[in-house]
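To get my numbering, take the position in the sequence shown, counting from 1, and add 12.
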Amino acid sequence: MQKTILITGATDGIGLKTAQMLVAQGHHVLLHGRNAEKLAKTKQALIANPSTLKGEGEVADSIDTYIADLSQMSQVIALAEAVKAAHGKIDVLINNAGVFRAENNTTLEGLDIRFAVNTIAPYLLTHSLLPLLGEKGRVINLSSAAQATVNINALIGNVVVEDDFSAYAQSKLALTMWSKALAQKADSPIVIAVNPGSMLGSKMVKDNFGVEGGDVAKGAHILMRLALDDEFESKSGGYFDNDLGHFSTPHLDALEVNKCEEIVNGIKKILRL
13 MQKTILITGA
23 TDGIGLKTAQ
33 MLVAQGHHVL
43 LHGRNAEKLA
53 KTKQALIANP
63 STLKGEGEVA
73 DSIDTYIADL
83 SQMSQVIALA
93 EAVKAAHGKI
103 DVLINNAGVF
113 RAENNTTLEG
123 LDIRFAVNTI
133 APYLLTHSLL
143 PLLGEKGRVI
153 NLSSAAQATV
163 NINALIGNVV
173 VEDDFSAYAQ
183 SKLALTMWSK
193 ALAQKADSPI
203 VIAVNPGSML
213 GSKMVKDNFG
223 VEGGDVAKGA
233 HILMRLALDD
243 EFESKSGGYF
253 DNDLGHFSTP
263 HLDALEVNKC
273 EEIVNGIKKI
283 LRL
């Protein structure tokens, strides 16, 4: 059965590989990217992919593209509104986009860009699209094996985390924590946080660690499974560690309800929700 699936950060790395696999299987894929030219090239490459069984016209009709800078919350809202205007329903949201460092680690809204893109933007996008997802929909949030106790003042932009790795690890734990909190709400879609695999060969890994990294297909395969397979319908709120190949225990802070709610309240304060 064809699914409608939105993937953020779909122009390279794990996001692109996942999009290739989903398009090849005949799903309707909504591609998000930050750069219009790169996004257009990605769509054309997917249309021309020889592994796709459908004709080019049919494939073109099954791919939509959306441009947004997820470091700016106004653009996240605009992205959600554009998706809602074009689709009455989406089956899966894969919050894949992420950032480790940037030329300027502070956004226009005064937030650390790691928290903005890795934690707050996916929260805002997810909550904006809840009416389209419903209880049967799925939200797959890309976490990481790198998780560190969250400084709530860093999350809300009151202090700066100087160390890139620490900021990234905190942002990924914060994502895992709000995933857990959302999964416990009534009428929530299925929400799963996943470490897709450590040091896979994404642009982030290559640019920031100077290594080729592992095959991104490893991460794409687990995203495909989490998005589509029936076996995960009862796993909402779980954390899948693809380094281990099964569900595992995240950082212990993610198991404490009060701490998870503190993260959610911090995000709501930023977004004035």
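Glycine included, each C-beta is placed from N, C-alpha and C at the ideal position.
Checklist entry - Taking just the CA atoms, how far does L185 sit from P208? => result Sequence index remark: in the sequence shown, residue 208 carries index 196 (1-based). Sequence index remark: in the sequence shown, residue 185 carries index 173 (1-based). Cα to Cα, the separation comes out at about 14 angstroms.
Next on the checklist: What does the alpha-carbon distance come out to for the pair V171 and D242?
Outcome noted: Within the sequence shown, the letter at position 159 stands for residue 171. Within the sequence shown, the letter at position 230 stands for residue 242. Each residue's alpha carbon lies about 43 angstroms from the other.
Checklist entry - With DSSP run on the structure shown, which of helix, strand or coil describes T289? => result Any answer about residue 289 is impossible in this case: the structure gives the chain only from 13 up to 285.
Item to check | Residue closest to L137, alpha-carbon to alpha-carbon, out of S83, D76, L51, K215 | outcome: Mapped onto the sequence shown, residue 137 falls at position 125. L137 has its Cα closest to that of S83, out of S83, D76, L51, K215.
Next on the checklist: So, with DSSP's three-state summary, where would you put I168?
Outcome noted: For the purposes of this step, residue 168 is taken as residue 156 along the sequence shown, with counting starting at 1. It is coil, neither helix nor strand.
Checklist entry - Are the CB atoms of A239 and V104 nearer to each other than 7 angstroms? => result The count along the sequence shown starts at 1 and reaches residue 239 at position 227. The count along the sequence shown starts at 1 and reaches residue 104 at position 92. Contact: yes.
Item to check | For F252: DSSP bridge partner residues | outcome: The residue labelled residue 252 in the question sits at position 240 within the sequence shown. Beta-bridge pairing links F252 to V206, F259.
Next on the checklist: Mapping the DSSP letters down to three states, classify L194 as helix, strand or coil.
Outcome noted: Translated into the one-based positions of the sequence shown, residue 194 becomes position 182. Three-state result, L194: helix.
Item to check | According to DSSP, residues forming a beta bridge with Y78 | outcome: For the purposes of this step, residue 78 is taken as the residue at position 66 of the sequence shown. According to DSSP, Y78 bridges with H44.
Checklist entry - Does the segment 50-60 come close enough to the segment 115-128 to have 3 or more Cβ pairs within less than 8 angstroms? => result no
Checklist entry - Run through DSSP, which three-state label would N130 get? => result On the sequence shown, position 118 is the one that residue 130 refers to. Helix.
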